[in-house]
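In the working numbering, the protein residues as written are 168 to 507.
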């Protein structure tokens, strides 16, 4: 079921032609635009007691007969206190059922209601798993020749998802949520074919980023170094698409890629001072991201590698239990030094 959520206040609404793409609807009340263009199964219009008494009948009179049964008023407080704002939030949330498809209109919402509605939208997406088909605002004040543009603000709700995903990426190094959102964007653009700049590299970049994150969190550091050394050209291919489709992500990713690049190492089969330096960078990275056990584990391996260099071990990366005499010799040597 497609449910529309709308608001009407005490404003002096004037007739205008609302335009969205090829769609045109002339009306004083923006909820009529939603009804005409999207034809929801039901529309809940949130109104205060004052609006019900002084404005509701005017809106009812403007409704074409085919929509009168669909439109249901829902009374909310004025929002004159924090308590009333919480009541309003709870009323909006209770109006929506689990897994519904929702269109939200905040055009005639008053004061703090648009912000509250956007917060409620994010809450509903997470808690009730609803799908927002659009969050629309008819910009009457931006009209030209009495034609008022309509904006879809859905991306600003998606921005909250990006904020959470980026916070997780920055704090822990896990790119799983970022990758999921990148894949979602590329998939949607290809399905809709609604953009002149349909992305082709977001998915590839996302998969590579996810693989790096998994290697780092599983302490597969040699593989992580190798993949990080390959990251820059893959990121450069996707950079323009990221700036176009996910502007908030561009700056953060640019900074993150630059900071992690110093861990990358393409010659991971050769144990030398440069390899040890990369491991030092990686130990610091683990510590700065609160992966202390990872840092301890890698620091131990780094000490063994340093001993292998000192003792001129021929096969320092041989972890085969039947033929890892070189690393065992290095470990024994370190053990002897520590007990001396």
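Positions of the beta carbon are idealized from the N, C-alpha and C atoms, including for glycine.
For residue 336, the enclosing alpha helix (DSSP H) has its first and last residue at 321-339.
Restricted to the region 398-465, the alpha helix (DSSP H) segments that are unbroken, complete and at least 4 residues in length are 398-412, 414-428 and 440-455, listed in chain order.
Around the beta carbon of residue 272, 16 or more other beta carbons sit within 10 angstroms, so the residue counts as buried. In summary, residue 222 is buried, with 16 or more beta-carbon neighbours lying within 10 Å of its beta-carbon over all protein chains present. By the Cβ neighbour-count rule, residue 220 is exposed, with fewer than 16 other Cβ atoms within 10 Å of its own. With fewer than 16 other beta carbons inside 10 angstroms of its own, residue 338 counts as exposed. When secondary structure is reduced to three states using DSSP, residue 277 falls in the coil class, being assigned neither helix nor strand. Cα atoms of residue 246 and residue 277: separation of roughly 9 Å, rounded to the nearest angstrom. Here residue 324 has 285, 288, 289, 292, 299 and 302 as same chain residues with Cβ atoms under 8 Å from its own Cβ, once five neighbours each way along the sequence are excluded. The continuous alpha helix (DSSP H) containing residue 255 extends over residues 249-262. Each residue's CA atom was taken as its position, placing residue 177 and residue 260 some 23 Å apart. Assignment of residue 351 by DSSP, reduced to helix, strand and coil, places it in the helix class. Around the beta carbon of residue 353, 16 or more other beta carbons lie within 10 angstroms, which makes this residue buried. Of the candidates 416, 228, 383 and 168, the residue whose Cα lies closest to the Cα of residue 206 is 168. The C-alpha of residue 381 is placed about 54 Å away from the C-alpha of residue 194. Judged by DSSP in its simplified three-state form, residue 211 adopts strand.
In the assembly as shown, residue 477 is an exposed residue. Its beta-carbon has fewer than 16 other beta-carbons within 10 Å.
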